[in-house]
Amino acid sequence: MHAEVNAILNTSVMLQNSNATIYTSLFPCSNCAKIIVQSQIKELVYEDDKYHDTKDAEISRYILETGKVKVRKHKTSVEFTLNFPKNDF
């Protein structure tokens, strides 16, 4: 079971008549997209779309668009610097 389905099943009562947003690490597969639409989730926020060029991802985008789910990629803006000690070998 994908994480999206598990999250939806565990909150199905609370999702009724809500403006729910689902947050996922990966863009959902077509089966998860169908469940997102059927659950009346209004927005999807995802971190990575590593399967973007696959047929299944194309189908997912179509399902979400047809189901009027707002889709957006989460933009991270974390910056850090690593300082390593010099090795005197």
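In full-length UniProt numbering, the protein residues as written are 1 to 89.
Backbone N, C-alpha and C fix where the C-beta goes; we use that ideal spot for every residue, glycine too.
Remember, it's a predicted structure, so these values are computed and weren't measured experimentally.
Secondary structure in the UniProt domain "CMP/dCMP-type deaminase" (1-65): the beta strand (DSSP E) runs of 3 residues or longer, each lying completely within the stretch, are 21-26 and 43-48 in chain order. A straight-line Cα-Cα distance of about 29 Å links residue 83 and residue 25. With respect to the C-alpha of residue 30, the residue from 42, 67, 78 and 47 having the closest C-alpha is 67. Checking the DSSP bridge columns, you'll see residue 71 partnered with 44.
Note on residue 65: under 16 other CB atoms within 10 angstroms of its CB, so exposed under the neighbour-count rule. Within 10 angstroms of the beta-carbon of residue 9 lie fewer than 16 other beta-carbons, which makes it exposed.
For the pair residue 32 and residue 2, the CB atoms are nearer than the 7 Å cut-off. Excluding five sequence positions before and after residue 71, the CB atoms of its chain that fall closer than 7 Å to its own CB belong to 44 and 64, given in chain order.
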